[in-house]
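Okay, structure first, notes after.
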Amino acid sequence: MRVMEATSYQHMSELAADYLLNKIRTQPYIVLGLATGGTPKGTYDRLVKDHRENGTSYRNITSFNLDEYVGFSPDHPNSYHTFMYENLFGKLDVTKENIHLPNGVALDLVEECKCYEEQIENSGGIDLQLLGMGSNGHIGFNEPGTSFEVNTHIVELAQSTREANARFFSHLEEVPHEAVTMGIATIMRSREILLLVSGESKSEALKELVNGEVRESFPASVLKMHPHVTIIADKNALSGVR
Ligand code: F6R
């Protein structure tokens, strides 16, 4: 794992956007794995700005998001579909058919998970997966204790995750209890992974990732077994590491 140190959230976002832009420009047919949440938002803002100013095209990219809440239709204001269209896809020249997020209102969610895996496989697999990390070490919505062997699956969200995500809702009660997420095995099949970590609230988790052992009780630790991982972390997140 290569660790790049950023001075601030803004700097982390700049470095991450440059990293992604370099890939997108040299590989216009790239298959991206994408994340939602506060961590990648600044990166997405920069991709949008670059698209406006420099015209970088996303017409030929394919993307697969990590996760979606169970019970939220794509047009729900708090769905991850809405997050991605408001913050990124709606502002780029993407080809809608190439954009994928799990369907949280599929009648048969187990079948939906299977189809999602097949779609990733049929696209040739994910070239570059962008990740954030929960303060309990979750990646995607793979909470502590998740087997490293699982593919896309339905998960029950940890109470701490629901509380952390409540900032995007009016009340904690509105935060769903379940989600569909790429599994750890799905994430590990990506050819390359870019993990972004920002803020003091993630410093314990980042310390555990860098210094701790590989164990299912700390999902992000699996990344140590991947051959091509880059971490871009800001000073506050790295405060516990050195
Ligand atoms: C989001 C995702 C999650 C987040 C994590 C950190 O699609 O899969 O693993 O990356 O919960 O969230 P933020 O960035 O909001 O701190």
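In case it helps, the numbering used here puts the sequence shown at residues -17 to 224. Beta carbons: idealized from backbone N, C-alpha and C, even for Gly.
Asked                                                                                                                                                                       : Found
My output table needs one value for Ile214: the three-state DSSP class, helix, strand or coil.                                                                              : strand
Using the Cα positions of Ser(-10) and Thr64, report the straight-line distance between them to the nearest angstrom.                                                       : 27 Å
Can you name the start and end residues of the beta strand (DSSP E) that Ser105 belongs to?                                                                                 : Premise fails: Ser105 is in no beta strand (DSSP E) and is neither H nor E.
Compute every distance between the C-beta of Met66 and the non-hydrogen atoms of the ligand F6R, then say whether any falls below 7 Å.                                      : no
Tell me, please, whether the CB atom of Glu(-4) is closer than 8 Å to any CB atom in chain C?                                                                               : Considering every chain present, this structure includes no chain C. It has just one protein chain.
Taking the alpha-carbon positions, what's the Met170 to Arg7 distance?                                                                                                      : 24 Å
In three-state DSSP terms, what is Ala161?                                                                                                                                  : strand
Work out the CA separation of Gly86 and Glu156 for me, nearest whole Å.                                                                                                     : 15 Å
Contact defined as beta carbons within less than 8 Å: I believe Ile214 pairs with Ala(-2). What is the distance between those atoms, to the nearest angstrom?               : 5 Å
Hey, is Met(-6) close to the ligand F6R, as in C-beta under 7 Å from one of its heavy atoms?                                                                                : no
Check whether the Cβ atoms of Thr38 and Leu3 lie closer than 8 Å to each other.                                                                                             : yes
What are the boundary residues of the beta strand (DSSP E) that includes Met(-14)?                                                                                          : -16 to -12
Tell me the rounded alpha-carbon separation between Arg28 and Asn36.                                                                                                        : 11 Å
Specify whether the stretch 75 to 95 and the stretch 46 to 55 touch according to this definition: at least 3 beta carbon pairs, one from each stretch, less than 8 Å apart. : yes
Go ahead and label Glu125 buried or exposed: buried means 16 or more other beta carbons lie within 10 angstroms of its beta carbon, across all protein chains shown.        : buried
My assumption, with CB atoms under 8 Å, is that Val179 sits in contact with Ala219. Please give the rounded CB distance.                                                    : 4 Å
Which one of Val223, Gly106, Glu131, Glu100 has the shortest CA to CA distance from Gly197?                                                                                 : Per the sequence presented here, residue 197 reads as Arg, with Gly not at that position. Minimum Cα distance to Arg197 is reached at Glu131.
Please determine, among Ala17, Phe151, Val223, the residue with the shortest C-alpha to C-alpha distance to Gly114.                                                         : Ala17
Output needed for Gly19: all residues of its chain with C-beta closer than 6 Å, excluding positions within five of it in sequence on either side, in chain order.           : Gly114
Specify, as a first and last residue, the run of the alpha helix (DSSP H) that Leu191 falls within.                                                                         : 185 to 193
By how many angstroms is the C-alpha of Tyr26 removed from the C-alpha of Tyr67?                                                                                            : 11 Å
Does DSSP put Leu3 in a helix, a strand or coil?                                                                                                                            : helix
Which residue wins for smallest C-alpha separation from Lys31, given the options Asp75, Phe151, Ile121?                                                                     : Asp75
I'd like to confirm something about Thr25: is its beta-carbon nearer than 7 Å to some heavy atom of the ligand F6R, or not?                                                 : no
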